[in-house]
Amino acid sequence: GLDWIRLHYAYPEHVTDELVDVLANARHIVPYIDMPLQHISDRVLRRMNRKTTRAATEEIVGRLRRRIPGLVLRSTFLVGFPGETEAEFNELVDWVREAKIERLGVFPYSHEPTTPSAKLDGAVPEEEKLRRRDVLMATQQEVAFAHAESRVGQTLAVIIDGPDPEMPGWYLARTMADAPDIDPVARIKAKSLESGSIIQAEITGFDGYDLLGRPSKRR
Numbered sequence: 005g006l007d008w009i010r011l012h013y014a015y016p017e018h019v020t021d022e023l024v025d026v027l028a029n030a031r032h033i034v035p036y037i038d039m040p041l042q043h044i045s046d047r048v049l050r051r052m053n054r055k056t057t058r059a060a061t062e063e064i065v066g067r068l069r070r071r072i073p074g075l076v077l078r079s080t081f082l083v084g085f086p087g088e089t090e091a092e093f094n095e096l097v098d099w100v101r102e103a104k105i106e107r108l109g110v111f112p113y114s115h116e117p118t119t120p121s122a123k124l125d126g127a128v129p130e131e132e133k134l135r136r137r138d139v140l141m142a143t144q145q146e147v148a149f150a151h152a153e154s155r156v157g158q159t160l161a162v163i164i165d166g167p168d169p170e171m172p173g174w175y176l177a178r179t180m181a182d183a184p185d186i187d188p189v190a191r192i193k194a195k196s197l198e199s200g201s202i203i204q205a206e207i208t209g210f211d212g213y214d215l216l217g218r219p220s221k222r223r
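In my numbering, the protein residues as written are 5 to 223.
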């Protein structure tokens, strides 16, 4: 059967009490949720036609963290949306730092003539959109590195993906906090590990976003 099930694209307005109960209690669902938030400023959210608010988002995130120990939250944000002010962008940066969003994708707004947003005023210059993306990603990097450092010394379950092509004698793996292709990896030093197996690994260090470890000797 499936040992690890991971929830993606859980828009906040659809995260009900019943869903939180399932996430908190189902044995095979990992403590990870991908929730595309897009922004935190109420005014920007209204202009995006998103059916949520900062207060509602904070309530949902707080409830998830209380109910699911060790939860890792992935999200995506859009910067440079038409009319986004510097103050609203700074509000987003501060919130990402305070909320400790462990995994994050940031995208600069792209003008598409056929979308409703194309009719909005207040276009943000391309150079400024890229600057805002870089600032937000740098902020999230601080959060991600601190999260990786906090794992050092822990013993974590990891799923083995296969030999690391860049580091002979090491294997690429993922913890419950890491979705394939989009999240960091755990590099495990070992003589031989079976791809697809789930083992316990001692986390001995980290390299940027990625964890470093070895198979645990504990039974």
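The C-beta atom is built at its ideal place from N, Cα and C for all residues, glycine as well.
- [ ] Could you name the residues of the same chain whose beta carbon sits closer than 8 Å to that of residue 207, not counting the 5 residues immediately before and after it, in chain order?
- [x] 155, 156, 157, 158, 159, 160, 190, 215, 216 and 217
Open item on the list: I need the straight-line Cα distance from residue 168 to residue 119, nearest angstrom please.
Closed with: 42 Å
- [ ] Could you name the residues of the same chain whose beta carbon sits closer than 6 Å to that of residue 200, not counting the 5 residues immediately before and after it, in chain order?
- [x] none
Open item on the list: So, at 7 Å on beta carbons, what are the nonlocal neighbours of residue 64 in its own chain, with the 5 sequence-adjacent residues on each side left out?
Closed with: 16 and 19
Task: Cα-Cα separation between residue 83 and residue 113, rounded to whole angstroms - done: 6 Å
Open item on the list: For residue 174 and residue 79, what's the separation of their Cα atoms in angstroms?
Closed with: 30 Å
- [ ] Return yes when the Cβ of residue 76 is within less than 8 Å of the Cβ of residue 106, no when it is not.
- [x] yes
Open item on the list: Check whether the region 42 to 61 and the region 85 to 103 touch, using three or more Cβ-Cβ pairs below 8 Å as the test.
Closed with: yes
- [ ] Mark residue 108 as exposed unless 16 or more other C-beta atoms lie within 10 angstroms of its C-beta, in which case mark it buried.
- [x] buried
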